[in-house]
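K.L.:
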Amino acid sequence: MHLAHYLGLLYHAECALERAYLEVAHAHCAEPDVHYLCYTFAGQCSAHARRLGPLAARYGEQAPVECERLHSNLFSGSRTGGLALLRDLHDLYLMAAECDISWTLVGQAAQGARDQELLTVVRESEGESAIQLLWLRNRLRQAAPQTLVVAS
Numbered sequence: 001m002h003l004a005h006y007l008g009l010l011y012h013a014e015c016a017l018e019r020a021y022l023e024v025a026h027a028h029c030a031e032p033d034v035h036y037l038c039y040t041f042a043g044q045c046s047a048h049a050r051r052l053g054p055l056a057a058r059y060g061e062q063a064p065v066e067c068e069r070l071h072s073n074l075f076s077g078s079r080t081g082g083l084a085l086l087r088d089l090h091d092l093y094l095m096a097a098e099c100d101i102s103w104t105l106v107g108q109a110a111q112g113a114r115d116q117e118l119l120t121v122v123r124e125s126e127g128e129s130a131i132q133l134l135w136l137r138n139r140l141r142q143a144a145p146q147t148l149v150v151a152s
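For the sequence shown, full-length UniProt numbering assigns the number 1 to the initial residue and increments by one for each residue that follows.
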């Protein structure tokens, strides 16, 4: 059953997103909304990973050999300079989108497997993931004109 691999992918994606949110919150503390919401979102990612842990372990017992290149690295640290905030938010958006679509896929698999425990975790987590994406998209839209048109 390949569901174990996707649970592992999602677990690692949530952990990576948590670390990235914390780094961006620290790097952009001059932007109060970014600072506080990134800390809030990091806490949500941590909770998602905590809920997934036991399920990933349970399904991992039945997993075939893991596919190569299943995991990706989108965030390699916060940036400095005029484009820093925009690029950091862009990376966060891509990472959050990976989590969001993974929650959707895992939810579909949980329905197919009739795993109520996994479905409960998906329902508790995918709504928060969608809210993170919405905020990131709107914050990117807000930052883009100032960053891309107005000279630093």
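The beta carbon of each residue, even a glycine, is placed where N, CA and C say it ideally should be.
(1) Quick check: what's the CA-CA separation for C45 versus A13?
(2) Is it right to say residue 162 is buried, meaning 16 or more other beta carbons lie within 10 angstroms of its own, or is it exposed?
(3) Going by alpha carbons, who is nearest to V24 out of A16, C15 and H35?
(4) Could you work out which residue in A30, L52 and D100 is closest to L85 when comparing CA atoms only?
(5) Our contact map puts A144 next to M95 with C-beta atoms below 8 Å; I'd like the distance itself, whole angstroms only.
(6) Skipping 5 residues on each side, what residues in its chain have a beta carbon closer than 8 Å to that of H28?
(7) In chain order, which alpha helix (DSSP H) runs of at least 4 residues are fully inside the stretch 73-135?
(8) Judging by CA-CA distance, which residue of L118, V122, L52 and V149 is the nearest neighbour of Y11?
(9) So what's V149 in DSSP terms, helix, strand or just coil?
P.N.:
If we stick to the structure as given:
(1) Using only the alpha carbons, I get a separation of about 9 Å.
(2) Lying before the first or after the last residue shown, residue 162 is absent from the chain, which here runs from 1 to 152.
(3) Measuring from the Cα of V24, the nearest candidate turns out to be H35.
(4) Of the candidates A30, L52 and D100, the residue whose Cα lies closest to the Cα of L85 is A30.
(5) Contact flag wrong, Cβ pair sits at about 19 Å.
(6) Hits under 8 Å: V34, H35, C38, S78, A84, L85 and D88.
(7) For secondary structure counted as the alpha helix (DSSP H) over 4 or more consecutive residues, the stretch 73-135 holds these complete runs in sequence order: 84-113.
(8) When each option's Cα is compared against that of Y11, the closest is L52.
(9) In this structure, V149 counts as coil in the three-state DSSP scheme.
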